[in-house]
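Since the structure comes first, as structure tokens, the remarks are kept for the end.
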Amino acid sequence: IPQISYASTAPDLSDNSRYDFFSRVVPSDTYQAQAMVDIVKALKWNYVSTLASEGSYGESGVEAFIQKSREDGEWCLEQEMQTALSLAPGQHPRFRGARHEASALAPWCRQAPAPVASLCRRVLEAAKRANQTGHFIWMGSDSWGSKISPVLHLEEVAEGSVTILPKRVSVKGFDRYFSSRTLDNNRRNIWFAEFWEENFHCKL
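Following UniProt numbering, the numbering of the sequence shown begins with 1 at its first residue and continues without gaps.
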């Protein structure tokens, strides 16, 4: 069954020999990693640490950044740290691995939106608890992007952060079409009735 994704950015999905029925409308993390490398070069940072959430997205994103850094970089790239998405509420990542010399820390916290926002937030909370406010310049992947929830009430820790987000445009014609779908005019979508029940808390 052909699939078209609006959010899958893992570089592995670019392998047409394995995913020949897969297409996407967002760029691979390889391009995001290159953008991050370009930012590091432009800002003349000389020491960068990376932090990845466990799993294919976080790990492959950091791996792409490391590879691009080896090709283009003239800075010290510290060995990456990883933190688990399965941290229990109240648990925080520890900053034992982040050296004091690091001037920038690039977190790739990737997964479903709610856990990601929570994880990125706990990373900032951990930095605050470790008295590292103002020490790091954060460079976040698109999972952080323009979200407010990771930095709410932690603005002093995140001050000066640079985050990446693919370019987005609003297509008014599509918005009108999408918002006008009803049970009567969208019968060809076999999942629409299920969506309707869940969204409007009803039983058809």
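We put the CB at the ideal spot given by N, CA and C, even for glycine. All of these numbers come straight from a predicted model, not from anything done at the bench.
- Under the three-state reduction of DSSP output, A130 falls in the coil class, being neither helix nor strand.
- The C-alpha of K167 lies about 29 Å from the C-alpha of N186.
- Rounded to the nearest whole angstrom, the CA to CA distance from E59 to E197 is 37 Å.
- With contacts defined by Cβ atoms closer than 8 Å, I1 and R24 do not form a contacting pair.
- The C-beta separation of F136 from A130 comes to about 10 Å, leaving the pair out of contact by the 8 Å criterion.
- CA-to-CA, the gap between Y19 and S56 works out to about 16 Å.
- Contact between D142 and Q67 fails: their C-beta atoms lie close to 18 Å from each other, not under 8 Å.
- Residue pairing by DSSP puts M139 in a beta bridge opposite V162.
- Residue environment: T50 is assigned as buried (16 or more neighbouring CB atoms within 10 Å of its CB, all protein chains considered).
- Relative to the Cα of E54, the nearest Cα in the group V62, G140, D175 belongs to V62.
- For A52, the enclosing beta strand (DSSP E) starts and ends at 47-53.
- At least 8 Å separates the beta-carbon of L165 from that of G134.
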